[in-house]
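> What follows is a structure written as structure tokens; I'll ask about it next.
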Amino acid sequence: MKYICKRCSHRWNPRKKEKPTICPNCKTPYWNKPTKITKEQTLRIKDKLIDIHNKIIHNTGGEFGIRDDGGLHYAIFNILKFQNRENPIKTAAFVFDDLAKKHYFVDGNKRTAYIFTKILLINQGFHLSLNYKNSVDFILKIARYKNPKTKREIESWIKKYIKRINEKEIDKYLKEIYYDLTHGEENDKER
């Protein structure tokens with residue numbers, strides 16, 4: 040059985056059969072209890088998400104602006120609350136579903152959901168191997184008003200295209216996300 044520290048996301052196999060008392064990485068005795076979500080954390084992540092959105096709009100076109108500031112703040116709080124769970128695929132599906140369906144921004148909601156999900160997965164040690172151009176059809180189905188995709192369908196789609204990465208590969212995948220973020224779908228043919 041593998042254990043995951045909810046404080047530092049460290050994964051380890053126990054040497055003994057009984058439950059560990061501390062995380063071997065960060066040495067906290069509260070390794071199995073999620074941290075409390077602070078207002079500062081929520082605002083910091085919200086600012087990062089707005090920066091990502093602004094870069095997407097700047098590079099791929101669209102209208103700048105936040106349509107639902109309170110809803111965005113609440114969504115970030117829920118994402119942080121949900122992120123403490125041990126299954127990153129469920130977290131990614133939750134983020135994709137929430138950010139793509141609910142229009143917190145004036146424009147670019149689905150593109151922002153895609154990039155934010157990829158960054159979240161990389162932080163958890165996974166990579167969504169599809170680029171934006173190949174993901175567009177499914178992302179549009181997520182945000183569709185009539186017969187939208189369910190979280191379970193989003194999870195199975197993510198499972199199909201996800202792979203575990205090691206720490207040495209993270210820079211490579213972050214560059215790939217940056218390319219997707221800065222060039223968008225129109226310059227994807229040159230790749």
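Using this note's numbering, read the sequence shown as starting at 40 and increasing by one per residue.
Even for Gly, the Cβ is constructed at its ideal location relative to N, Cα and C.
It should be emphasised that the depicted structure is a prediction, and the values quoted were computed from it without experimental measurement.
Taking only runs that begin and end inside the region 106 to 135, name each unbroken alpha helix (DSSP H) of 4 or more residues, in chain order.
Runs found: 108 to 122.
> For a test of the three-state rule: what should DSSP assign to W196, helix, strand or coil?
Helix, per DSSP.
> What number of angstroms, rounded off, separates the C-alpha of R183 from the C-alpha of D137?
Taking the straight line from one Cα to the other gives about 13 angstroms.
> Please classify Y69: does DSSP put it in a helix, a strand, or coil?
Coil at Y69, not helix or strand.
> List the whole-angstrom C-beta distance separating N52 from K41, where the pair is believed to meet the contact cut-off of C-beta under 8 angstroms.
The pair is a contact, with the Cβ atoms about 6 angstroms apart (cut-off 8 angstroms).
> Going by alpha carbons, who is nearest to Q80 out of H112, G100, N93, T99?
The candidate whose alpha carbon is nearest that of Q80 is H112.
> Over what stretch of residues does the beta strand (DSSP E) that includes H166 continue unbroken?
That run of the beta strand (DSSP E) goes 165 to 167.
> Helix, strand or coil for Y42, going by three-state DSSP, please let me know.
It is a strand residue.
> Between I96 and the rest of its own chain, which residues show a CB-CB distance below 6 angstroms, the 5 nearest in sequence each way excluded?
Same-chain partners within the cutoff: F103, G147.
> Leaving out the 5 sequence neighbours to the left and right, which residues in its chain are closer than 7 angstroms to R46 when beta-carbon positions are compared?
Result list for R46: C62, C65, T67, Y69, W70, T74, in chain order.
> Indicate the three-state DSSP secondary structure (helix, strand or coil) for F103 in the structure shown.
In this structure, F103 counts as coil in the three-state DSSP scheme.
> Exposed or buried, E206, counting other C-beta atoms within 10 Å across all chains shown (16 or more means buried)?
E206 comes out exposed.
> Identify, in the order they occur along the chain, each residue of the same chain with its Cβ nearer than 8 angstroms to the Cβ of K130, setting aside the five sequence neighbours on each side.
Before going further, note that residue 130 is Thr rather than Lys in the sequence given. The answer, listed in chain order, is I118, F121, Q122, R124, L159, Q163.
> Let me check understanding here. Comparing Cα to Cα, which of K149, R191, I161 lies closest to V175?
For V175, the nearest C-alpha among the options comes from K149.
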